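So the sequence shown is numbered by the numbering used here: it starts at 90 and just counts up by one.
Idealized CB from N, CA, C, for every residue including glycine.
It should be emphasised that the depicted structure is a prediction, and the values quoted were computed from it without experimental measurement.
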Amino acid sequence: MKKLSILFIALAMIATSCGDKKKEDVKKDVEQVNEEVVKESTTTDTASDKDTQLAMGKKLFTDKTCTTCHALDTKVIGPSLKDIVKIYDEKSGNIVKFLKGNADAIVDTDPGQVAIMKANLDGFVKDMSAEELQALSAYMRDAGK
Ligand code: HEC
C-alpha cells in the first residue's frame with residue numbers, strides 16, 4: 090500500500106512538472122507573438138495607410154485562394170485582374186459591392202462562370218469584414234491597372 094502511494098506521488102509530480110513546462114512554452118509563445126505585433130506596428134507607422142491596405146489586400150488575395158482562379162494578366166478560371174479592372178473602370182463598377190453580393194457581375198456574365206464566383210461569395214467572402222473587402226478591392230485595382 091505504501092509503495093502504491095509513493096508511486097502515486099511520483100506520478101503526480103511528473104504530471105505537474107509537465108504541466109509547468111507547457112505553461113512555460115505557452116508563455117514563451119505569447120511573448121514571441123507580442124514581439125511580432127510590436128515589430129509590425131512600428132513598420133506600419135512609417136508606411137502610409139494606403140501601403141498598409143495594399144499589403145493587406147495582397148495577402149488576402151493569396152490567403153483567401155483568389156489566386157487559384159485570378160492571375161494578373163491571363164485568364165485562369167476567372168478573368169485576369171487586368172480585365173476586371175478595365176471593365177470596372179469603364180463601367181464605374183464597385184468591386185466591394187460585388188464582393189458583398191450587392192451588385193451583379195459585369196466582367197464575365199456567362200451564367201456558368203457567374204455561378205463559380207457566386208459560390209465563393211456565398212461560401213466565405215460573406216464572412217470577411219468590410220475592411221478586408223476594401224483592402225482586396227484596393228489591391229486588385231492597384232495590381233490590375
Ligand atoms: C474557383 C475559382 C474562383 C475563385 C477562388 C475566385 N474567383 Fe473571382 N471569379 C471567378 C470566375 C469564374 C469569375 C467570372 C464570373 C464573374 O464575373 O462573376 C470571377 C469574377 C470575379 C470578379 C469580377 C466580377 C464581375 O463583376 O464580373 C471579381 C471582382 C472577383 N472574381 C474577385 C475575386 C476575389 C476577391 C476572390 C477571392 C476572395 C475570388 N474572386 C476568388 C472565379 C473565382
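{"Item": "Rounded distance between the beta-carbons of Q142 and A232, thought under 8 Å", "Value": "About 13 Å separates the two Cβ atoms, so there is no contact after all."}
{"Item": "Cα-Cα separation between S169 and I176, rounded to whole angstroms", "Value": "11 Å"}
{"Item": "According to DSSP, residues forming a beta bridge with K164", "Value": "H159"}
{"Item": "D216 versus T156 - alpha carbon distance", "Value": "18 Å"}
{"Item": "For I195, three-class secondary structure by DSSP", "Value": "coil"}
{"Item": "Span separating the alpha-carbon of D193 from that of T151", "Value": "24 Å"}
{"Item": "Which of helix, strand or coil DSSP assigns to F213", "Value": "coil"}
{"Item": "Pair within 7 Å by beta-carbon distance, S218 and I184", "Value": "no"}
{"Item": "Same chain, Cβ closer than 6 Å to C158, five either side skipped, listed in chain order", "Value": "V165, I166, G167"}
{"Item": "C-alpha gap between D199 and A208, whole angstroms", "Value": "14 Å"}
{"Item": "Neighbourhood of Y228 by C-beta, 7 Å cutoff - its chain only, sequence neighbours within 5 removed", "Value": "L143, G146, K147, F150"}
{"Item": "Proximity test, M38 beta-carbon vs the ligand HEC heavy atom, cut-off 6 Å", "Value": "Any question about residue 38 goes unanswered here, given that the chain covers just 90 to 234."}
{"Item": "Contact under 7 Å by Cβ, K171 with D178", "Value": "no"}
{"Item": "A204 versus S181: straight-line alpha-carbon distance, rounded", "Value": "23 Å"}
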